[in-house]
Each structure stands twice: as C-alpha cells, then as structure tokens.
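Numbering (my numbering), first residue to last: 377 to 534.
Listed below in structure tokens is the structure:
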C-alpha cells in the first residue's frame, strides 16, 4: 500500500512538472512570433516602400516561406531519425554522428537561405531605405540570432 501511494504521488508530481513546462513553451513562442511580426511591420512602415518594391518583397517573402516550410519539415524528420537511432537497443557512435551532421547540414542551409533572403530584400531598397533598414534591423537581427542560438545550442539531444 505504501509503495503504491509513493508511486502514485511520484507519478502525479512528475506529470505536473512535465505538463507545466510544455504548456508554457508554446505561449512563449507565440509571443515571440507576435513581437517579431510587429517589429517587421514597423520596419516596413518606416521604409515607405513603393508599390513595386512592396510587390517584389512580398513575392520574395512568399517564396522564402515555401522554402522554409520544406527545410523545417526536413529538419524535423532528421531529428526524428536521430530519436529513432537513440531508441534502438544497440546504436553506434557513427550512427549518432551521421544523424547530428545531417541535422546540422539542414540548419546551415536554413541559415544561408535566411541570409540570402534578407539580402534579396535589402537589394530592393534605395540608399535612404537601406540606412533605415540597417538602423532598425540591427535590433531585430540580434534578437533573432539570440533566439536561434538558444534553440540550436540548448536542445536536449542527449
């Protein structure tokens, strides 16, 4: 009876801690996404883009979003592959290293596509708009980099 009670209390405590942590993460991510969108909108307003610039930038944005969807899906699949390897009864160092290298290859491709996308937009701007972009994007870029690094290097891969 005593063992059953201890097991039940442990289970309730563990599930409460686990559920609380996971429930907080989506809210934080949604808040960060909202803040990033608002920051982006403020910058675009300050740039005072022409109709032609807006059309080109919107086309670039949509194309970039499609690419990112595919890459992020590939990344998630590779992360699942790593989980499958770790869940095997017997796995090797080379299997783990290869899976991590595959994950990092996609993360690198995402970073390069994002940098190219920012440059594609930047090249659509006039010199005056580029000055506004540099001034405003510095803050946004640093915040995005901090979030990316936190996610990339603080994952619980082991």
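Backbone N, C-alpha and C define an ideal beta-carbon position, used for all residues, glycine too. Computed from a predicted structure; not experimentally measured.
Burial state of residue i, where buried means 16 or more other Cβ atoms lie within 10 Å
{"i": "residue 397", "result": "Confidence at residue 397 is low in this model, with a pLDDT of 47, below 50, so its placement is unreliable and no value can be given for it."}
{"i": "residue 495", "result": "exposed"}
{"i": "residue 488", "result": "exposed"}
{"i": "residue 438", "result": "exposed"}
{"i": "residue 500", "result": "buried"}
Residues near residue i in its chain [Cβ-Cβ closer than 8 Å; skip 5 each side]
{"i": "residue 387", "result": "In this predicted model, residue 387 has a pLDDT of only 44, less than 50, meaning its place in the structure is not dependable; the value taken from the coordinates is given anyway. Closer than 8 Å at Cβ, skipping near neighbours: no residue."}
{"i": "residue 482", "result": "447, 450, 451 and 454"}
Other residues of its chain near residue i: CB distance less than 6 Å, five sequence neighbours each side excluded
{"i": "residue 392", "result": "Confidence in residue 392 is poor, its pLDDT being 44 and thus under 50, which makes the residue's placement unreliable; the coordinate value appears in the next sentence. No residues qualify anywhere along the chain."}
{"i": "residue 458", "result": "475"}
{"i": "residue 419", "result": "512"}
{"i": "residue 491", "result": "none"}
Cut-off 7 Å between Cβ atoms - residues of its own chain near residue i, not counting five sequence neighbours on either side
{"i": "residue 505", "result": "423"}
{"i": "residue 497", "result": "433 and 436"}
Are three or more beta carbon pairs between the segment 465-479 and the segment 439-449 nearer than 8 Å? no
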